[in-house]
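For what it's worth, this note's numbering labels the leading residue of the sequence shown as 442, then goes sequentially.
Where a beta carbon is used, it is the ideal one built from N, C-alpha and C, also for glycine.
What you are looking at is a predicted structure, and each value in this text was computed from that prediction instead of being measured.
The next block holds one structure in the form of structure tokens; read it before the comments.
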Amino acid sequence: MGDGPFYLHYKPIHLCYFEIPKTIKQFYLTRNVLLDNGKNPTTGVATIAKKEIAPGTIIDKGIGSFFVRGEVVELEGNETMVPIGLMEQVHIKRKLEPGQMVTFDDVEVPESMALKAWNETMAARAIITARF
442 MGDGPFYLHY KPIHLCYFEI PKTIKQFYLT RNVLLDNGKN PTTGVATIAK
492 KEIAPGTIID KGIGSFFVRG EVVELEGNET MVPIGLMEQV HIKRKLEPGQ
542 MVTFDDVEVP ESMALKAWNE TMAARAIITA RF
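So this is what it looks like as structure tokens:
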């Protein structure tokens, strides 16, 4: 890799193992749960357009693509957002602008076990939320 101390990565990558020590330190110091959405999730990872996306575009995969990125959002008020984990072989139905949150009205998501699980989770969440 060379003499360093600086290196340039030519591939767009996320080196998550650099985050592990920070996460362990944060837990050690605060003893707070860092991520637990539980049985009644309150947050999700929404799909956000990175650039203008034309209708008819097929997005092979959301995670790691040049078209979209993920952003943590509160589920309340964002019930129609498409989780980035469901963005596989998705057909874009209408023009998306950079920074726009992708909703189920914007795309056709193929049937899958993941989509079924998402729909069941959101339906259960609606029932639980309505009780309180």
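Cα-Cα separation, residue i to residue j
{"i": "P524", "j": "K463", "result": "26 Å"}
{"i": "G503", "j": "Y448", "result": "27 Å"}
{"i": "K466", "j": "P496", "result": "45 Å"}
8 Å Cβ cutoff met for residue i and residue j
{"i": "K534", "j": "F508", "result": "no"}
{"i": "L456", "j": "T483", "result": "no"}
{"i": "V514", "j": "A487", "result": "yes"}
{"i": "M528", "j": "I494", "result": "no"}
{"i": "L556", "j": "A490", "result": "no"}
{"i": "M554", "j": "E520", "result": "no"}
Nearest to residue i (by Cα), restricted to the options the options
{"i": "V543", "options": "E529, M522 and H532", "result": "M522"}
{"i": "A565", "options": "S553, L470, Y458 and G479", "result": "G479"}
{"i": "G485", "options": "V550, G526 and E552", "result": "G526"}
{"i": "E561", "options": "Q467, N481, K466 and F459", "result": "N481"}
Backbone secondary structure at residue i - three-state DSSP
{"i": "P524", "result": "strand"}
{"i": "A495", "result": "coil"}
{"i": "R535", "result": "coil"}
{"i": "I504", "result": "coil"}
{"i": "E552", "result": "coil"}
{"i": "E561", "result": "helix"}
{"i": "R510", "result": "strand"}
{"i": "T488", "result": "strand"}
{"i": "E517", "result": "coil"}
{"i": "T483", "result": "coil"}
{"i": "Q467", "result": "helix"}
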